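Read in our numbering, the sequence shown has 509 at position 190, and its numbers run on one by one without any break. Every residue gets a Cβ at the ideal spot worked out from N, C-alpha and C, and that includes glycine. Just so you know, these numbers come straight off a predicted model, no measurement behind them. Step one of this worksheet: look at the structure below.
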Amino acid sequence: MRAQGGAESWPDSEGAAPLAPRARLLPALAAVYRAQLSRARVARIPLLFVATFQSVGIMILMRGVVDGGDEARAVVAGSSVLVVAFVALNLLAQYFGQLRASGGLDHYATLPVPPAAVVLGAAGAYASFTAPGTLVTAVVGSVLFKLSMVHLWVLAAVVPLSGAALAGLGAALGLLAPRQELATLCGQLGMSAALLLGVLPADRMPAPIGYARDLLPSTYGVEALARSFDAHPDWLLVAADLGVCAAVGVVSLAVATWAYRRAAVR
């Protein structure tokens with residue numbers, strides 16, 4: 320553009336416009352969470368139905384060999400947390416594996432949002448998406464095995480804490496797997512481990528399998544929920560199990576955030 324005196328007027332090249340400030344963690348986390356939750360409602364409702372139906376079917380099958388007592392509590396608690404494992408571990412591993420393979424991470428990398436917001440938002444959306452199926456499974460199991468539902472409010476802590484631990488693990492598997500097929504395989508194997516080690520009563524497992532069960536994050540959510548079916552639960556043990564879930568969740572989400580940064584720059 321020319322000025323009236325004929326001289327050209329250009330913006331000062333040395334005074335380049337500053338970039339927009341980077342989004343803060345909490346607003347960015349809320350935005351990613353809402354976007355992922357909206358996407359999950361559309362695409363994942365049929366899969367949530369399958370996960371719930373699968374868990375209820377397992378309880379019906381186990382009803383033929385388990386009468387009650389500690390074994391019944393373990394079956395119902397394990398089947399309920401299995402819904403969380405199916406969605407938060409299995410589907411999230413597949414989602415991030417597909418996102419990495421298709422180049423979708425490049426889109427998130429161009430946004431001015433912290434990497435932790437992307438991982439935590441997706442993990443939170445997938446974990447919270449499991450709440451209805453987990454509640455339905457727990458109620459059906461309680462009726463089927465004649466267990467008390469007085470303390471089912473414990474699910475309000477079991478679902479987010481177990482979900483955080485399993486979602487972080489699923490995201491890390493999806494982001495670290497070199498191929499999309501391997502991410503899918505790892506998610507399926509993780510869900511199978513949650514099925515075999517979480518639903519079957521612990522006292523019927525061989526000792527080496529019991530050690531593997533102790534390494535699975537969902538085990539402590541299962542234990543916390545199973546204890547809540549007692550007439551007088553030991554709340555200190557319930558809190559300890561939930562504390563382990565919380566600690567594992569923090570570690571697994573931190574690993575997933577590191578894996579996201581690693582995958583986004585490649």
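Where residue i falls, given that 16 or more other Cβ within 10 Å makes a residue buried
i, result
"F368", "exposed"
"P365", "exposed"
"V567", "buried"
"T429", "exposed"
"M381", "buried"
"L516", "buried"
"V469", "exposed"
"R419", "buried"
"L572", "buried"
"A475", "exposed"
"G387", "exposed"
"G443", "buried"
"L555", "exposed"
"V406", "buried"
"G493", "buried"
"S447", "buried"
"V557", "buried"
"V569", "exposed"
Beta-carbon proximity of residue i to residue j, cut-off 7 Å
i, j, result
"S398", "V518", "yes"
"S374", "T456", "yes"
"L348", "L480", "no"
"A545", "D560", "no"
"L411", "A490", "yes"
"G452", "A575", "no"
"G460", "M510", "no"
"A391", "V385", "yes"
"Q499", "A441", "no"
Coil, strand or helix - residue i by DSSP
i, result
"V402", "helix"
"G460", "helix"
"H551", "coil"
"L519", "coil"
"P431", "coil"
"D386", "coil"
"S357", "helix"
"A496", "coil"
"R580", "helix"
"H470", "coil"
"L535", "coil"
"G568", "helix"
"T275", "Since the displayed the chain opens at 320 and closes at 585, residue 275 lies outside it and no answer follows."
"M524", "coil"
"R343", "coil"
"F415", "helix"
"G489", "helix"
"F372", "helix"
"G506", "helix"
"A336", "Note that A336 scores a pLDDT of 49, beneath 50, so its modelled location is shaky; the value from the coordinates is reported in the next line. Three-state DSSP puts A336 in coil, outside helix and strand."
Cut-off 6 Å between Cβ atoms - residues of its own chain near residue i, not counting five sequence neighbours on either side
i, result
"G540", "V400, V477, S481, C564"
"P434", "T576, Y579, R580"
"A396", "V541, L544, A545"
8 Å Cβ shell around residue i - same chain, five flanking residues per side excluded
i, result
"A646", "No answer is possible for residue 646: it lies beyond the span of the chain, which begins at 320 and ends at 585."
"L535", "A512, A513, L516, G517"
"W577", "none"
"T538", "L516, G517, R532"
"A326", "Residue confidence for A326 is low, a pLDDT of 48 falling below 50, so the modelled location carries little weight and cannot support an answer."
Close-in-space but distant-in-sequence residues of the same chain around residue i (CB under 7 Å, 5 per side omitted)
i, result
"A496", "G416, A502, C505"
"P552", "H470, R546"
"A436", "L344, A347, L348, V351"
"R523", "none"
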